[in-house]
Amino acid sequence: MIGCDIREANETTQNILLNKVLLAINQDVEGRGAYRIKPEPQWFHDDDVFIQVKVLSDGDLAIGFFNLSDAQREISLQFWDLGLPYASAYSLDLYDCWDHKPIGQFKERYNPVVPAHDCLVVRAKVVR
Numbered sequence: 001m002i003g004c005d006i007r008e009a010n011e012t013t014q015n016i017l018l019n020k021v022l023l024a025i026n027q028d029v030e031g032r033g034a035y036r037i038k039p040e041p042q043w044f045h046d047d048d049v050f051i052q053v054k055v056l057s058d059g060d061l062a063i064g065f066f067n068l069s070d071a072q073r074e075i076s077l078q079f080w081d082l083g084l085p086y087a088s089a090y091s092l093d094l095y096d097c098w099d100h101k102p103i104g105q106f107k108e109r110y111n112p113v114v115p116a117h118d119c120l121v122v123r124a125k126v127v128r
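The UniProt record's numbering puts the first residue of the sequence shown at 1, with every later residue one more than the last.
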């Protein structure tokens, strides 16, 4: 649902609404919901910092890092929270859905710094 007059939308709003990568995640054919992960370390307030993960129909993962606090935060995603232990020899190849660019491959964890009142959305492919 769009809560604005799209004829009057500014460029930032248009970029969000027309982001094909995010639309593909939202409209994935399986329609699975996301599940929430509490990041480590857990000294953050309960609802200020969290991660949402959505399994996509092609096996990729959509991962959102959300920072609702008033300060930037490093948000740590431990891959075992995704069922991907370090000993499995698998990594995640990450793609930034906002900036439309590859981030790189990571083993065991990924720790982005997310600005205050912001989010990072990545698409992750499991690779060996």
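In this text, a Cβ means the ideal position worked out from N, Cα and C, and glycines have one as well. Remember, it's a predicted structure, so these values are computed and weren't measured experimentally.
Where Q105 is concerned, the enclosing beta strand (DSSP E) starts and stops at K101 to F106.
Cβ contact annotation for R109 (same chain, cutoff 7 Å, sequence separation greater than five): S76, L77, Q78 and F79, in chain order. Judged by DSSP in its simplified three-state form, D96 adopts strand. Within the region 10-34, the complete alpha helix (DSSP H) runs of at least 4 residues fall at 11-17 and 20-26. From the listed residues H117, I16, L18 and D60, the smallest Cα separation to Q72 is found for H117. The beta carbons of D93 and A62 sit no closer together than 8 Å.
Three or more beta-carbon pairs drawn from the region 51-70 and the region 16-32 are found closer than 8 Å, and the two stretches are therefore classed as touching. Distance from the CA atom of G3 to the CA atom of A89, rounded to whole angstroms, is 44 Å.
Within the model, the alpha-carbon separation for I25 versus E8 is close to 25 Å. Taken through DSSP and simplified to helix, strand or coil, A62 comes out as strand. The alpha-carbon of G83 is positioned some 17 Å away from that of Q105. Distance from the CA of V114 to the CA of A87, rounded to the nearest whole angstrom, comes to 28 Å.
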